[in-house]
Amino acid sequence: MALRPENPQSRNEQIAQNRAAQQDVFVREVDDALREDELRDAFQRWGKAIGAAVVVGLLGLAGFLYWQQHSHKLASENAEKFTFALEDVEAGKLKDGDAKLAALLKDAGDGTKAAARLMQGGIAVEQGRTADAIKLFDAVAADSSAPQPYRDLAAIRAVAANFDAMKPEDVVARLKPLAEPGKPWFGSAGELVGLAYLKQGKNDLAGPLFAAISRDKEAPDSLRARARHMAGLLGVDAIDDDDVARAAGTAPGQN
120 MALRPENPQS RNEQIAQNRA AQQDVFVREV DDALREDELR DAFQRWGKAI GAAVVVGLLG
180 LAGFLYWQQH SHKLASENAE KFTFALEDVE AGKLKDGDAK LAALLKDAGD GTKAAARLMQ
240 GGIAVEQGRT ADAIKLFDAV AADSSAPQPY RDLAAIRAVA ANFDAMKPED VVARLKPLAE
300 PGKPWFGSAG ELVGLAYLKQ GKNDLAGPLF AAISRDKEAP DSLRARARHM AGLLGVDAID
360 DDDVARAAGT APGQN
């Protein structure tokens, strides 16, 4: 029985399909490599940025908590000293601000002491005294007499200052309770936990966490933007419907 000659057209189609499949695999590999490079670059860039203290923001926040946690009389007596220290730091006079804070610690109440130590920790980070900063932050975090918002903030600042040297599982263990939607420090704690997940290779946990941070209306815009970008690199949709509506001019309440 004679063999049926092979159809040249079918053979050419098969070759073309094989080439297309090979090209598709190659394109996916290149795309994955580029995505990994972008993710690595973003992690390195923002990991360092998070590790550095933004002193003015920290002090402003500490000042806000200070006013909320104290009686009017006590606040009025110590707020002036606190404000003078803040002004020195904002003006770049870190040593003068640190000295004023040290004087304030002598006769201040528990809340004022915690706020002042947080400020001192921020100054230490700004001056490159990371070990001193971590010690100050850890002391506030462990102080049972300090208001809880201060203690939580101090824990976050301690981890941020020491992030590169910490094991990712230790970062997660310490900050995961604070990295939950609705918690006051969700954005700040969540970003650090998300980066720790990336160190562990747990992209499936990091992506949704970054996406949740990007949708947190209470988080600073800069933090939300970073989280949105990280979520996108991890393949998680972080587009907020309200943001899209505002950009299109169709948000609720808009004509």
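Residue numbers (the numbering used here): 120 to 374.
Just so it is clear, CB atoms sit at the ideal spot from N, CA and C, and this is done for glycine as well.
This one's a predicted model, so the numbers in the text were calculated from it and none came from an experiment.
Out of 287, 303 and 356, the CA that lies nearest to the CA of residue 313 is found in 287. Using a Cβ distance threshold of 8 angstroms, residue 273 and residue 260 count as a contacting pair. Here the alpha carbon of residue 258 sits roughly 20 angstroms from the alpha carbon of residue 283.
With the rule of 3 Cβ pairs closer than 8 angstroms, the region 296-303 does not count as touching the region 314-327.
A distance below 6 angstroms between beta-carbons, with the five flanking residues on each side excluded, links residue 309 to the following residues of its chain, in chain order: 298, 328 and 332. In the displayed model, residue 243 falls within a helix according to three-state DSSP. Residue 349 and residue 321 have their C-alpha atoms roughly 13 angstroms apart. Cα atoms of residue 336 and residue 280: separation of roughly 25 angstroms, rounded to the nearest angstrom.
Judged by DSSP in its simplified three-state form, residue 219 adopts helix.
When the Cα atoms are used, residue 341 and residue 271 turn out to be separated by approximately 21 angstroms.
Apart from sequence neighbours up to five positions away, the residues of its chain that approach residue 351 with a beta-carbon distance below 7 angstroms are 357, ordered along the chain. In the same chain as residue 233, and ignoring 5 residues on each side of it, the C-beta atoms closer than 6 angstroms to its own belong to 259, 265 and 269, in chain order. Cβ contact annotation for residue 246 (same chain, cutoff 7 angstroms, sequence separation greater than five): 213, in chain order. Counting only residues of its own chain and dropping the five nearest sequence neighbours on each side, residue 249 has a CB closer than 8 angstroms to the CB of 243, 280 and 281.
Apart from the 5 residues on each side of it in sequence, residue 223 sits with its Cβ closer than 6 angstroms to the Cβ of 200 and 235 in its chain, given in chain order. Contact between residue 353 and residue 326 holds, since their C-beta atoms are separated by about 4 angstroms, short of 8 angstroms.
CA-to-CA, the gap between residue 225 and residue 209 works out to about 23 angstroms. Taking the C-beta atoms as reference points, residue 278 is found nearer than 8 angstroms to residue 290. The alpha helix (DSSP H) runs of length 4 or more contained entirely in the region 319-344 are, from start to end of the chain, 322-333. By the neighbour-count criterion, in which 16 or more other beta carbons inside 10 Å mark a residue as buried, residue 267 falls on the exposed side. Going by DSSP, residue 272 is part of the alpha helix (DSSP H) stretching over 267-280. In this structure, residue 198 lies away from residue 220, with their beta-carbon atoms at least 8 angstroms apart.
Counting the other CB atoms within 10 Å of its CB gives residue 263 a total below 16, which places it among the exposed residues.
When the alpha-carbon of residue 231 is set against those of 206, 211, 254 and 202, the nearest one is in 202. A straight line joining the alpha-carbon of residue 323 with that of residue 347 spans about 15 angstroms. For residue 300, there is no enclosing alpha helix (DSSP H), as DSSP marks it with neither H nor E.
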